[in-house]
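Here the sequence shown stands for residues 714 to 873, numbered as in this note's numbering.
The beta carbon of each residue, even a glycine, is placed where N, CA and C say it ideally should be.
Bear in mind that the values here come from a model prediction, so they are computed numbers and not experimental data.
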Amino acid sequence: MKVEFDLNGKPHKLDVDAAMPLLWALRDEVGLTGTKFGCGIGQCGACTVHMDGIAMRSCSLPVAAVQGRTITTIEGISAQGLHALQEAWIEEDVPQCGYCQTGQIMAAAAMLAQNPNPSDETIDQTMSNLCRCGTYNRIRKAIHRAAAAMPTPPAEEAKP
Ligand code: FES
Ligand code: FES
714 MKVEFDLNGK PHKLDVDAAM PLLWALRDEV GLTGTKFGCG IGQCGACTVH MDGIAMRSCS
774 LPVAAVQGRT ITTIEGISAQ GLHALQEAWI EEDVPQCGYC QTGQIMAAAA MLAQNPNPSD
834 ETIDQTMSNL CRCGTYNRIR KAIHRAAAAM PTPPAEEAKP
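(1) Quick one: grab the DSSP three-state call for Glu788.
(2) Is Gln814 near ligand 2, judged by its Cβ being under 7 angstroms from some heavy atom?
(3) With contact counted as at least three CB pairs below 8 angstroms, one residue from each stretch, are the region 850 to 866 and the region 825 to 837 in contact?
(4) Going by beta carbon distance, what residues of the same chain come within less than 8 angstroms of Pro867, once the five residues before and after it are set aside?
(5) Shorter than 7 angstroms, the distance from the beta carbon of Ala731 to the closest heavy atom of ligand 1, or not?
(6) Given that a residue counts as buried once 16 or more other Cβ atoms are within 10 Å of its Cβ, and exposed if not, what is Leu720?
(7) Determine which residues share a DSSP beta bridge with Gly723 and list them.
(8) Below 8 angstroms between beta carbons: does that hold for Met863 and Ala768?
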């Protein structure tokens, strides 16, 4: 199946099996390996990307579903330099093994687009990404740091 979609701000075309998970299309066909494979069953969030500004688990999203959509991966989260979340992640020294962290940042970015100043409770309710290293406290701190550094909500807007 031929699929056309916007990927990190540029038009992109793929000719792959319609049922291929977006995760494999991104990693194996496009070569963007920042998005990680964890569980493969939509549970862990390591594979989180944005589709039209909404956090999605790319391991469970067939590539056919992205026709005409806008996909953002960790490689495209900031048009220039580091995203405020990436800077906050460095400042708070969030990662331990690091494997889950691109998914965590993508989930956090989608959350901040909807709620620029989330409470700890909102973070816990919204962020369902798993971290086997237990970095949740530092993730919360980094999200608060990034929220304080972002004067306006991100430009990326969710479509209904
Ligand atoms: S790899 Fe997609 S949710 Fe775990
Ligand atoms: S930092 Fe190791 S799984 Fe999250």
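Reading from the atomic positions:
(1) Here Glu788 sits in helix by DSSP.
(2) Checking the 7 angstroms criterion, the Cβ of Gln814 is within range of a heavy atom belonging to ligand 2.
(3) yes
(4) Confidence at Pro867 is low in this model, with a pLDDT of 48, below 50, so its placement is unreliable and the value that follows should be read with caution. Sequence-distant Cβ neighbours of Pro867 in its own chain, meaning closer than 8 angstroms and more than five residues away, are Ala822, Leu825 and Ala826.
(5) Ala731: no, Cβ never under 7 angstroms from ligand 1.
(6) buried
(7) Here residue 723 turns out to be Lys, not Gly, going by the sequence shown. Note: Lys723 sits in a beta bridge opposite Leu720.
(8) no
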